[in-house]
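According to the UniProt record's numbering, the sequence shown is numbered sequentially starting from 1.
Everything below concerns the one structure shown next.
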Amino acid sequence: MLHGKIALVTGSAKGLGKRTALALADLGCDVAVSYMNSEREAFELVARLEAKGVRAMAVRADVAVREDNTRMTEVVAETLGPIDILVNNAGPFVRERRTFDAYSLDEIDYMMRGNLLGVLELDHCVLPHMRRNRWGRIIHFGFGLAAEARGWPHRAVYAAAKVGLVSFTKTLAAEQAEYGITVNMVCPGDIRGANKEKGIDEVLHLHDEEFPGIRQGSGEDVARVITFLCLPQSDFLTGNMMEVSGGFDPIRSLAEVKTRGSKDSQG
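Given below as structure tokens:
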């Protein structure tokens, strides 16, 4: 259904980006895989994509660096063709729980560049072709309930960048609608570890201890929403924040985090 379209999925050597790249290839897209450190995994994915009968390539880029973003889009256009579908999956994330005062200024700058400014730059790079072609799909990544602009203890910088991206998603969607370009945000819930590359069938038997009665999330849950938004028939959907979270709140209060941390330390 997307035969001949060129897709760039950032940060797609592993995880949700990898699952998304494979899903887009299944619909006929030629796919550019971007990576920063996972070179081996990126080229292994390229081989899998090519085995599906589509063209594929890997390109190294740090989405927090403007020159990398410009070069990446130029290299993809020269090798595969101008980008029709941009999935902004990549973005730095600090796993260690830290309050805002514990971040250095350099860390703040890098997080904001990688999760907000770099996304704006990539969108800016692909818009001219999309506008000329009067067709395009741009996907941003957020987090569960990002559209509510809630506080997220120990994730202050990341959350600030993604909440800013919510407003930008809505603005860009309104500005580019007349050119056949849709802009949406996908907000994954707490999909952990290896589950990011698994299919729904592989997690059906896995229950979430924190949310009894509900299965764990998978990469397929996210990828199938993204591919749906990229379809030609999905042109009536734009400016949306799509929650893929099992209906649960991924954000805990600071008191809840401290309480759980205390229990964990006691075994």
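Note that the Cβ used here is the ideal one computed from N, Cα and C, for glycine as well.
Select from A7, T10, I6 and K18 the residue whose C-alpha is nearest the C-alpha of G219. K18
What three-state label does DSSP hand V63 in the structure shown? coil
Check R224 in the structure and name its three-state DSSP category. helix
For the alpha helix (DSSP H) holding N133, just list the boundary residues, first then last. G118 to N133
Residue 268 to A61 span [Cα, whole Å]: No statement about residue 268 is possible, as the shown extent of the chain runs from 1 to 267 and does not include it.
Alpha-carbon spacing of E121 relative to R215, whole angstroms: 37 Å
Simplified DSSP assignment, three categories, for S253: Residue placement at S253 is flagged as unreliable, the pLDDT there being 48, under the threshold of 50; a coordinate-derived value is accordingly withheld.
Going by C-alpha to C-alpha distance, which of A21, R48, M57 and I251 sits closest to A156? I251
Is G142 close to chain C, meaning its C-beta is less than 9 Å from at least one C-beta of that chain? You won't find chain C in this structure, because it holds only one protein chain.
Span of the beta strand (DSSP E) holding V46? Looking at the DSSP string, V46 is not in any beta strand (DSSP E); the run it does join, the alpha helix (DSSP H), is E39 to A51.
I need the straight-line Cα distance from M185 to F228, nearest angstrom please. 13 Å
Mind checking which residues open and close the alpha helix (DSSP H) that includes E243? From DSSP, E243 is part of no alpha helix (DSSP H) but of the beta strand (DSSP E) over M241 to V244.
Whole-angstrom distance between A13 and R55, CA atom to CA atom: 16 Å
Just the C-alpha distance for D221 and I85, rounded to the nearest angstrom, thanks. 19 Å
Would you call the stretch 102-109 in contact with the stretch 165-181, where contact means no fewer than 3 C-beta pairs closer than 8 Å? no
Express the C-alpha separation of T70 and I226 in angstroms, rounding to a whole number. 24 Å
Which of helix, strand or coil DSSP assigns to L105: helix
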